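*Asks:* My questions all concern the structure below.
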Amino acid sequence: MARDLPSVGPPEGGLVYRVGRGEDAFAPPPWKYVFEDGTFNNRYDDPRADRNVPEEERFRVIYCATRRAGAYGETIAPYRKSLSLLASLQEIDDDEPLDLELEGGIVPKEFRSQRVLGTTRLSDGLRFADIGNGETYTVLRTELAQWLVKLGLEDLDLSAITSSQRRLSQEVARYVYELADEGYTFFAGIRYPSRLNIEWELWAIFCDRMEHSLEEVAGVIAEDDLELQEAAKVLGVRIE
Numbered sequence: 172m173a174r175d176l177p178s179v180g181p182p183e184g185g186l187v188y189r190v191g192r193g194e195d196a197f198a199p200p201p202w203k204y205v206f207e208d209g210t211f212n213n214r215y216d217d218p219r220a221d222r223n224v225p226e227e228e229r230f231r232v233i234y235c236a237t238r239r240a241g242a243y244g245e246t247i248a249p250y251r252k253s254l255s256l257l258a259s260l261q262e263i264d265d266d267e268p269l270d271l272e273l274e275g276g277i278v279p280k281e282f283r284s285q286r287v288l289g290t291t292r293l294s295d296g297l298r299f300a301d302i303g304n305g306e307t308y309t310v311l312r313t314e315l316a317q318w319l320v321k322l323g324l325e326d327l328d329l330s331a332i333t334s335s336q337r338r339l340s341q342e343v344a345r346y347v348y349e350l351a352d353e354g355y356t357f358f359a360g361i362r363y364p365s366r367l368n369i370e371w372e373l374w375a376i377f378c379d380r381m382e383h384s385l386e387e388v389a390g391v392i393a394e395d396d397l398e399l400q401e402a403a404k405v406l407g408v409r410i411e
C-alpha cells in the first residue's frame, strides 16, 4: 500500500513565475513536442507512456519558480559554457582576451524576444509534495525501491532526485500524482530546490490540478531585469 508524503502549500502570497512562449506562459506543452519516450524530457514529466497510458490520460507539468531569478535561471542554464569549452579555454596560454562570442556563455537577444515572463497566484488550498523534507526520501526509498535497483542507484537522497537521471524523478512525479487514486493527499504538484542554486525554490505543477489566477499573462523580459542579471551572475553567463 502506498504511503502519503509530507506536504506544503503555495509560497507566501501564492505568487509564482514562469518563463514561457506565446501569450499564455502557463499553457501546458503541446503533445506534438514529446520525445520518443513520451515525455518532454523534463524532470517531473509523466513517464507512463511505457505503460501504454494514452496521452489524454497522462499529466503534463507546468514548471514555475517562487522568484523570477529561479524561473530565469532554469531557462538560461543551457547557455552556460560547456565543460569541453571550459577545458579547452584552460589550455590556451595567451594573455590576449578572447572575443566574447568565441568564449561562449552568452544569452542571445532572441532568448528575450521569443519568450515571456508570466506571473500567477496559486490557490491557497493547493498542496505540494515536499522534496525538501527528509521524511519524503524515507517514504520514496521504500515505495520506489524497485526503480532504484533497476536504475543502478545505491540509495535515494536529494542528489539522486536532482541528478541527470530523470527517469527516477519522473517516477517520483508519477507516485505523487497517483496518491490521490489511493485515497491519500490530492497533490497539485511538487516543491523542490533547483539543482543549479539551492536557494531557488521551484514548483512542478500538474496542469490538470493547477488552480490559479493570472497576474500578468505575458510580461516582456527586460535586459536590465535585476533578477535576470542575478541568475546570469550565478550561472556565469552574459545577457546580450
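Following the numbering used here, the numbering of the sequence shown begins with 172 at its first residue and continues without gaps.
Ideal Cβ placement from N, Cα and C applies to all residues, glycine included.
In this text, all values refer to a predicted model and were calculated from it rather than measured experimentally.
Is the separation between the beta-carbon of Ala403 and that of Ile247 shorter than 8 Å?
*Replies:* Within the sequence shown, the letter at position 232 stands for residue 403. Within the sequence shown, the letter at position 76 stands for residue 247. Yes, they are a contact pair.
*Asks:* Where Glu387 and Asp195 are concerned, what is the direct C-alpha to C-alpha distance, given to the nearest angstrom?
*Replies:* Translated into the one-based positions of the sequence shown, residue 387 becomes position 216. Translated into the one-based positions of the sequence shown, residue 195 becomes position 24. Rounded to whole angstroms, Glu387 to Asp195 spans 9 Å at the Cα level.
*Asks:* Does the beta-carbon distance from Gly390 to Ala375 come in below 8 Å?
*Replies:* Against the sequence shown, residue 390 aligns to sequence position 219. Against the sequence shown, residue 375 aligns to sequence position 204. No, the Cβ-Cβ distance between Gly390 and Ala375 is not below 8 Å.
*Asks:* In the structure shown, what three-state DSSP assignment does Tyr188 receive?
*Replies:* In the sequence shown, counting from the first residue as 1, residue 188 sits at position 17. Three-state DSSP puts Tyr188 in a strand.
*Asks:* If we count Cβ pairs, one from each stretch, closer than 8 Å, do we get three or more for the region 209-225 versus the region 175-189?
*Replies:* With a cut-off of 8 Å, the region 175-189 and the region 209-225 do not count as touching, because too few Cβ pairs lie within range.
*Asks:* Please classify Gly305 as buried or exposed, where buried requires at least 16 other C-beta atoms within 10 Å of its C-beta.
*Replies:* As a first step, residue 305 is located in the sequence shown; it is residue number 134 there, counting from the start. The residue is exposed, with fewer than 16 neighbouring Cβ atoms inside 10 Å.
*Asks:* What is the residue span of the alpha helix (DSSP H) that Arg292 lies within?
*Replies:* In the sequence shown, residue 292 corresponds to position 121, counting from 1. First-last for Arg292: Val287 to Leu293, but that is the beta strand (DSSP E), not the alpha helix (DSSP H).
*Asks:* Compute the beta-carbon to beta-carbon distance between Val190 and Tyr215, rounded to the nearest angstrom, for a pair I have assumed lies under 8 Å.
*Replies:* Locating residue 190 in the sequence shown gives position 19, counting from the first residue. Locating residue 215 in the sequence shown gives position 44, counting from the first residue. Between Tyr215 and Val190 the Cβ distance is about 17 Å, and since that is not below 8 Å, they are no contact.
*Asks:* Between which two residues does the alpha helix (DSSP H) carrying Tyr243 extend?
*Replies:* Numbered from its first residue, the sequence shown carries residue 243 at position 72. Its alpha helix (DSSP H) spans residues Arg239 to Ile247.
*Asks:* Mind reading off the beta-carbon distance from Tyr412 to Leu315? Whole number of angstroms is fine, and I expect it under 8 Å.
*Replies:* Only positions 172 to 411 of the chain appear in the structure, and residue 412 is not among them; the question remains open.
*Asks:* Apart from the five residues on each side of it in sequence, which residues of its chain come closer than 6 Å, Cβ to Cβ, to Tyr355?
*Replies:* Position 184 of the sequence shown, counted from the start, is the residue given in the question as residue 355. Here the set comprises Asp175.
*Asks:* Measure the alpha-carbon distance for Met381 versus Asp326 and round it to whole angstroms.
*Replies:* Locating residue 381 in the sequence shown gives position 210, counting from the first residue. Locating residue 326 in the sequence shown gives position 155, counting from the first residue. Rounded to whole angstroms, Met381 to Asp326 spans 32 Å at the Cα level.
*Asks:* What does DSSP give as the partner residue(s) for Leu379 in the beta ladder?
*Replies:* The residue labelled residue 379 in the question sits at position 208 within the sequence shown. It is Asp, not Leu, that sits at residue 379 in the sequence shown. Partner(s): none; Asp379 has no beta bridge.
*Asks:* Short of 7 Å in beta carbon distance, which residues of its chain neighbour Thr290, apart from the five on each side in sequence? Order them along the chain.
*Replies:* Against the sequence shown, residue 290 aligns to sequence position 119. These residues qualify, in order along the chain: Leu186, Tyr188, Glu386, Glu387 and Gly390.
*Asks:* In three-state DSSP terms, what is Glu411?
*Replies:* Here residue 411 is taken as the residue at index 240 of the sequence shown, counted from 1. Coil, per DSSP.
*Asks:* In this structure, how does DSSP classify Leu350 when only helix, strand and coil are distinguished?
*Replies:* Locating residue 350 in the sequence shown gives position 179, where the first residue counts as 1. Helix.
*Asks:* From what residue to what residue does the alpha helix (DSSP H) around Ala331 run?
*Replies:* Looking up residue 331 in the sequence shown gives position 160. Start and end: Leu329 to Ile332.
*Asks:* May I ask you to report which of helix, strand or coil DSSP gives Leu397?
*Replies:* Against the sequence shown, residue 397 aligns to sequence position 226. Helix.
*Asks:* Quick check: what's the CA-CA separation for Ser330 versus Val205?
*Replies:* The residue you call residue 330 lines up with position 159 of the sequence shown. The residue you call residue 205 lines up with position 34 of the sequence shown. Rounded to whole angstroms, Ser330 to Val205 spans 26 Å at the Cα level.
*Asks:* Can you give the Cα-Cα distance for Gly209 and Gly323, rounded to whole angstroms?
*Replies:* Here residue 209 refers to the residue found at position 38 when the sequence shown is read from its first residue. Here residue 323 refers to the residue found at position 152 when the sequence shown is read from its first residue. Answer to the nearest angstrom: the Cα atoms are 22 Å apart.
*Asks:* Check whether the Cβ atoms of Glu398 and Arg239 lie closer than 8 Å to each other.
*Replies:* Here residue 398 is taken as the residue at index 227 of the sequence shown, counted from 1. Here residue 239 is taken as the residue at index 68 of the sequence shown, counted from 1. In this structure, Arg239 lies closer than 8 Å to Glu398 by Cβ.
*Asks:* DSSP three-state call for Trp374: helix, strand or coil?
*Replies:* Position 203 of the sequence shown, counted from the first residue, corresponds to residue 374. Reduced to three states, the DSSP call for Trp374 is strand.
*Asks:* Just the C-alpha distance for Glu183 and Thr237, rounded to the nearest angstrom, thanks.
*Replies:* In the sequence shown, counting from the first residue as 1, residue 183 sits at position 12. In the sequence shown, counting from the first residue as 1, residue 237 sits at position 66. Cα-Cα distance, rounded: 9 Å.
*Asks:* By DSSP's criteria, Leu385 is part of a beta bridge. Which residues make up the other side?
*Replies:* Within the sequence shown, the letter at position 214 stands for residue 385. Leu385 is bridged to Thr291.
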